[in-house]
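Engineer: Following this message is one structure expressed as structure tokens.
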Amino acid sequence: MIEILIVEDDANISKMIAATLSIGGYRCAQCDDGTKAVERITTGSFDLILLDVMLPGTDGFAVLDAIRAKGCETPVIFLTALGAVADKVKGLRGGAEDYIVKPFEAVELLARIEVVLRRAGKSEMRLTYDDIVVDIERHTVTKAGQPVVLTPKEFDVLVFFMRNLDVAITREQLLTNVWEYNYTGESRTVDIHVQQVRRKLALQGKLITIPKLGYRLERRS
Amino acid sequence: MKLWQKVSLTALLFVMLAIQITQFLVLERSFENALLRERQTAVSAHEALSASLSNHAAYERLKAGKLLLSTDEIADLLTSTVTADISTASSIAVFLNETLVVCAGTTLFQEDLGLLSDLVPSGAIDEGKSVIRDVGGATYLIITSTVQLETMPYALYTAYDISDVYATREQDLDAACMIGLICGAAISAAMLVMVLIFLHPLKVSVQTIEAVAKGNYSLRVPEHGSSELKTLARSINDMSTSIDEREQKLREIADSRKRFADAMAHEMKTPLTSILGFADILRIKSTVSDAQRRDYATTIVEEAKRLRSLSAKLLQLASTDSTQLDLTDIEVAQLFADIAHTMAPILARRGIRLKTLHKNAALRVDRELFLSLLYNLIDNAAKASPAGSTVWLAQSVLDGHVVLSVIDQGIGMKPDTVRRATEAFYMEDKARSRKAGGAGLGLALCDDICRRHGARLEIRSTYRKGTTILIHMGVAPTDAASPAKDAEKKPPQPDATRRRPDRRHGGRHKP
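Going down the list, the sequences are from chains A and B. Take 838 as the starting number for the first sequence in my numbering and just add one per residue. Take 44 as the starting number for the second sequence in my numbering and just add one per residue.
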């Protein structure tokens, strides 16, 4: 199981991130101080660090420098209230994988984590849901052992739902994460793809439409 | 053209001109003298010859015992005399009625008869006339006179070679020209060096100004050289010092604004992150337990309250500047009684006593703002104090000014904290401040209220011993006198800062 360390000095934000990570099915540990974080990261075996920039003790940038100096290659995502471009550059140059500006939505955080984990080769490459098995590496889908033909976008939509089980996904989030751009005009495209996935894999009653919100792939009861 | 080039070239020009003119005048004078001497010599020689001719004629006549000598006899006489006397002149010729009688020396007169007609244009000989003529590459001084020999007028011409005088003059001129050039070159070289040395401080000044223009405001020009350049250097130094100071002030203001903006972003976004995050979890998660929902909702409410308090403080901070002061006369005794009435019960709940100490004094302040100032200070003091301790609210008079003080025996502040305490969003211990509901704006607000009342907020604190906050009434310089300091302390409202002096003016004179 993937284990993520949250380094955040604000107790409520830390609690919120922990709750979000539990939705994504990640295990997490919390730390509220930069100096202690360096110690825990270098001695522990975390798969990912969510690192706040403004920290008491040692700030986020210094924490990153310190752990990289000790040869720790764990991917890091910065969390910060400072949206300035200069800080962004500083963060990514310092070896951070990504940068999330507060405040953020739960699904956005999960999606960013997913991308970073996949890049680090730590994400699950074989997903199952009931009798559906998705092999991400080989790009194949089988239902009850029988191969199902999906277009690349339908495949991505299915993977996104399976990675966010039981989470309501908005059309905008699907557009951002599957089509990788931000636009709101063509949510029809999303609807068509979701209907295709539902029909081809017989997910009626499981991949449900939530009025005014989007879709959700229900966890098996 | 550069100044040193101009100065050197002009100097060179004048020096050369002066040398050449002087030399020319001196040489001309010596040449005139030489010519005069030559002429005098020539004239004496001519006169001697003339006299000798007359004597010879008289002698020959007496010797021959004749009444008059014939023309031929005179010609023979002339030939012998002239031939004997030729050493005194380069060329001698005697004419009778424009016919050459005798000629000796160089062939000057035979060859160039035109010369003679030129000399004697009208046939009448000008006595003792001397003329200078260039003939065949040589210069001659020619003297003419009439000698009466045996009643016949003989024209006597003598020519003297004075080429040497001219040659000497030419040589002298050439030499003088050379010497002039060499002296001029030497003098101008010396001047060039001196001008460069004198103008060196100017060059240094220019280089410094260029460096200052490029942003190196700490550079200073060495103040030496001539007095004008010293003055210039001092002015440049004054200028760059002033620029340096202003630049530093501006940078401090910019830094403080950036710090304020960053701090505000952080303070606003922290509660927002929790609110948005938990609200989103509640929205997207299909199954949320009752306990979870209550927990999430509580956090949302908590953080929303924090945001509300922060925005209220920010609004207060902004409006402290923009509202007009409603000044009224208040007895300190009354003011303290009001505060004690409100604050004592609140402090008592935390186990802290509030004691007041005052003399008879009155203040002219905006009542609401001033109460808010004292509430804030007392609240801070109480938060820093352990249960069972006392917070003092006291009034005294120092150098004729009323001083209010809030004194506690609490945890105190470190020197660095004291220095930054009135900075917006500055919190020594964020976790503790937030737990107590603070956003780091309290003292910034107090400082602002003080300055609006022309008072100065002073913080005296000893770490672990306690803090005394003093409000010196009516001693602080007005904001107009220190706009930079003002802007530095008040980064969030650039517009308000600019408008402030006017408003202040209005506020102070309000009846």
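Backbone N, C-alpha and C define an ideal beta-carbon position, used for all residues, glycine too.
Taking Cβ positions only, does G320 of chain B come closer than 9 Å to chain A?
Structural biologist: In the second sequence, residue 320 of chain B corresponds to position 277, counting from 1. Yes, its Cβ sits closer than 9 Å to a Cβ of chain A.
Engineer: List the whole-angstrom C-beta distance separating M456 of chain B from E471 of chain B, where the pair is believed to meet the contact cut-off of C-beta under 8 Å.
Structural biologist: What you label residue 456 of chain B is simply residue 413 of the second sequence in a count that begins at 1. What you label residue 471 of chain B is simply residue 428 of the second sequence in a count that begins at 1. About 7 Å separates the two Cβ atoms, so the contact holds.
Engineer: Could you tell me which residues DSSP puts in a beta bridge with L1050 of chain A?
Structural biologist: Reading the first sequence from its first residue, position 213 is the one you call residue 1050 of chain A. DSSP lists no partner for L1050 of chain A.
Engineer: Cα separation between Q1041 of chain A and K959 of chain A?
Structural biologist: If you number the first sequence from 1, residue 1041 of chain A lands on position 204. If you number the first sequence from 1, residue 959 of chain A lands on position 122. Distance between the alpha carbons of Q1041 of chain A and K959 of chain A is about 31 Å.
Engineer: Quick one: list the residues of chain B neighbouring V1004 of chain A, beta-carbon separation under 8 Å, in chain order.
Structural biologist: As a first step, residue 1004 of chain A is located in the first sequence; it is residue number 167 there, counting from the start. By Cβ distance, chain B contributes I327, K328 and S329.
Engineer: Should T1046 of chain A go down as buried or exposed, given a rule of 16 or more other Cβ atoms within 10 Å for buried?
Structural biologist: Here residue 1046 of chain A refers to the residue found at position 209 when the first sequence is read from its first residue. Looking at its Cβ environment, which holds fewer than 16 other Cβ atoms inside 10 Å, T1046 of chain A is exposed.
Engineer: Is DSSP giving D369 of chain B helix, strand or coil here?
Structural biologist: By one-based count along the second sequence, residue 369 of chain B stands at place 326. Correct three-state label for D369 of chain B: coil.
Engineer: Tell me whether the beta-carbon of S134 of chain B lies closer than 9 Å to the beta-carbon of Y183 of chain B.
Structural biologist: Residue numbering aside, residue 134 of chain B sits at position 91 when the second sequence is read from its first letter. Residue numbering aside, residue 183 of chain B sits at position 140 when the second sequence is read from its first letter. A contact, by the Cβ cut-off of 9 Å.
Engineer: Within its chain, find whatever has a CB closer than 6 Å to the CB of L92 of chain B; leave out the 5 residues flanking it on each side and keep chain order.
Structural biologist: Numbered from 1 along the second sequence, position 49 holds the residue referred to as residue 92 of chain B. Closer than 6 Å at Cβ, skipping near neighbours: D128.
Engineer: Could you pull the DSSP bridge partners for V58 of chain B from this structure?
Structural biologist: Translated into the one-based positions of the second sequence, residue 58 of chain B becomes position 15. DSSP output for V58 of chain B lists no bridge partner at all.
Engineer: Would you please verify whether the beta carbon of E1009 of chain A is less than 9 Å from any beta carbon of chain B?
Structural biologist: Indexing the first sequence from 1 puts residue 1009 of chain A at position 172. No, no contact with chain B.
Engineer: Please state whether the Cβ-Cβ distance between A219 of chain B and Q66 of chain B is less than 9 Å.
Structural biologist: As a working note, residue 219 of chain B is residue 176 in the second sequence. As a working note, residue 66 of chain B is residue 23 in the second sequence. Cβ atoms of A219 of chain B and Q66 of chain B: closer than 9 Å.
Engineer: So what's E974 of chain A in DSSP terms, helix, strand or just coil?
Structural biologist: Within the first sequence, the letter at position 137 stands for residue 974 of chain A. DSSP places E974 of chain A in coil when its eight states are reduced to three.
Engineer: Helix, strand or coil for V1027 of chain A? Go by DSSP, reduced to three states.
Structural biologist: Mapped onto the first sequence, residue 1027 of chain A falls at position 190. Note: V1027 of chain A maps to helix in three-state DSSP.
Engineer: Flag L315 of chain B as yes if its beta-carbon sits less than 9 Å from any beta-carbon of chain A, otherwise no.
Structural biologist: As a working mapping, residue 315 of chain B is identified with position 272 in the second sequence. By this cut-off, L315 of chain B is an interface position.
Engineer: From L70 of chain B to D215 of chain B, what does the alpha carbon distance come to, in whole angstroms?
Structural biologist: The count along the second sequence starts at 1 and reaches residue 70 of chain B at position 27. The count along the second sequence starts at 1 and reaches residue 215 of chain B at position 172. So the two alpha carbons sit approximately 7 Å from each other.
Engineer: One question on the structure: do R905 of chain A and G871 of chain A come within less than 9 Å of each other, judged by their Cβ atoms?
Structural biologist: On the first sequence, position 68 is the one that residue 905 of chain A refers to. On the first sequence, position 34 is the one that residue 871 of chain A refers to. Against a cut-off of 9 Å, the Cβ pair of G871 of chain A and R905 of chain A comes out as no contact.
Engineer: Nearer than 8 Å: is that true of the beta carbon of R326 of chain B relative to any heavy atom of the ligand PLP?
Structural biologist: Of the ligands one can find in the structure shown there are none, so the ligand PLP has no counterpart to examine.
Engineer: Of the residues B:L406, B:D177 and B:Y260, which one's Cα is nearest the Cα of V375 of chain B?
Structural biologist: Residue mapping note: residue 375 of chain B aligns to position 332 of the second sequence, counting from 1. Measuring from the Cα of V375 of chain B, the nearest candidate turns out to be B:L406.
Engineer: Which residues in the same chain have their Cβ closer than 8 Å to the Cβ of E991 of chain A, if we skip the five residues on either side of it in sequence?
Structural biologist: In the first sequence, counting from the first residue as 1, residue 991 of chain A sits at position 154. The answer, listed in chain order, is H1030, Q1033, V1034 and K1037.
Engineer: To the nearest angstrom, how far is the alpha carbon of L358 of chain B from that of V952 of chain A?
Structural biologist: Residue mapping note: residue 358 of chain B aligns to position 315 of the second sequence, counting from 1. Residue mapping note: residue 952 of chain A aligns to position 115 of the first sequence, counting from 1. If I take the Cα positions, the gap works out to 41 Å.
Engineer: How many whole angstroms separate the CB atoms of T124 of chain B and H99 of chain B, which I take to be in contact at a CB cut-off of 8 Å?
Structural biologist: Sequence index remark: in the second sequence, residue 124 of chain B carries index 81 (1-based). Sequence index remark: in the second sequence, residue 99 of chain B carries index 56 (1-based). Right, the Cβ-Cβ distance comes to about 5 Å (below 8 Å), so this counts as a contact.
Engineer: Buried or exposed: where does A308 of chain B fall if 16 or more other Cβ atoms within 10 Å of its Cβ makes it buried?
Structural biologist: Against the second sequence, residue 308 of chain B aligns to sequence position 265. A308 of chain B is buried by the Cβ-count criterion.
Engineer: The beta strand (DSSP E) with S960 of chain A in it runs from where to where?
Structural biologist: Locating residue 960 of chain A in the first sequence gives position 123, where the first residue counts as 1. No beta strand (DSSP E) holds S960 of chain A; DSSP gives it neither H nor E.
Engineer: How about L488 of chain B and S415 of chain B: are their beta carbons less than 9 Å apart?
Structural biologist: Counting from one through the second sequence, the residue named residue 488 of chain B turns up at place 445. Counting from one through the second sequence, the residue named residue 415 of chain B turns up at place 372. Cβ distance < 9 Å, so L488 of chain B and S415 of chain B count as in contact.
Engineer: Quick one: list the residues of chain B neighbouring N1014 of chain A, beta-carbon separation under 7 Å, in chain order.
Structural biologist: Against the first sequence, residue 1014 of chain A aligns to sequence position 177. Simply none; closest approach about 14 Å.
Engineer: For chain B, is any of its Cβ atoms less than 9 Å away from the one on E951 of chain A?
Structural biologist: Working through the first sequence from its first residue, we reach residue 951 of chain A at position 114. Not an interface residue.
Engineer: What are the uninterrupted segments assigned as alpha helix (DSSP H) that are 4 or more residues long and contained completely in the region 325 to 413 of chain B, given in chain order?
Structural biologist: Here the runs fully enclosed are 333 to 365 and 375 to 392.
Engineer: I324 of chain B CB to nearest chain A CB: under 9 Å?
Structural biologist: Indexing the second sequence from 1 puts residue 324 of chain B at position 281. Yes, I324 of chain B lies at the interface with chain A (some Cβ there is under 9 Å from its Cβ).
Engineer: Just confirm the distance between the C-beta atoms of I950 of chain A and A933 of chain A, as a whole number of angstroms; I'd bet it's less than 8 Å.
Structural biologist: One-based indexing of the first sequence puts residue 950 of chain A at position 113. One-based indexing of the first sequence puts residue 933 of chain A at position 96. Contact flag wrong, Cβ pair sits at about 13 Å.
Engineer: Give, in chain order, every unbroken run of the alpha helix (DSSP H) that is at least 4 residues long and sits entirely within the region 62 to 102 of chain B.
Structural biologist: As far as the region 62 to 102 of chain B is concerned, it has no whole alpha helix (DSSP H) run of at least 4 residues.
Engineer: When you compare the CB of A530 of chain B with every CB in chain A, is at least one pair closer than 9 Å?
Structural biologist: Counting from 1 along the second sequence, the entry for residue 530 of chain B is found at position 487. Only weak support exists for where A530 of chain B lies, its pLDDT of 40 falling under 50; the value from the coordinates is given anyway. Output row for A530 of chain B: interface = no.
Engineer: Can the beta-carbon of M516 of chain B be found closer than 9 Å to that of V446 of chain B?
Structural biologist: Working through the second sequence from its first residue, we reach residue 516 of chain B at position 473. Working through the second sequence from its first residue, we reach residue 446 of chain B at position 403. Yes, the Cβ-Cβ distance between M516 of chain B and V446 of chain B is below 9 Å.
Engineer: Would you say H267 of chain B reaches chain A, if we count a Cβ-Cβ gap shorter than 9 Å as a contact?
Structural biologist: Here residue 267 of chain B refers to the residue found at position 224 of the second sequence. Not one chain A Cβ lies under 9 Å of H267 of chain B.
Engineer: Below 8 Å on the Cβ atoms is my guess for I878 of chain A versus T917 of chain A; work out the distance and round it to an integer in Å.
Structural biologist: Taking the first sequence and counting its residues from 1, one reaches residue 878 of chain A at position 41. Taking the first sequence and counting its residues from 1, one reaches residue 917 of chain A at position 80. Wrong, their Cβ atoms sit about 18 Å apart, outside the cutoff.
Engineer: Where do the N-terminal and C-terminal ends of the beta strand (DSSP E) with E501 of chain B fall, by residue?
Structural biologist: In the second sequence, the residue the question calls residue 501 of chain B occupies position 458. Element bounds for E501 of chain B: R499 to T505.
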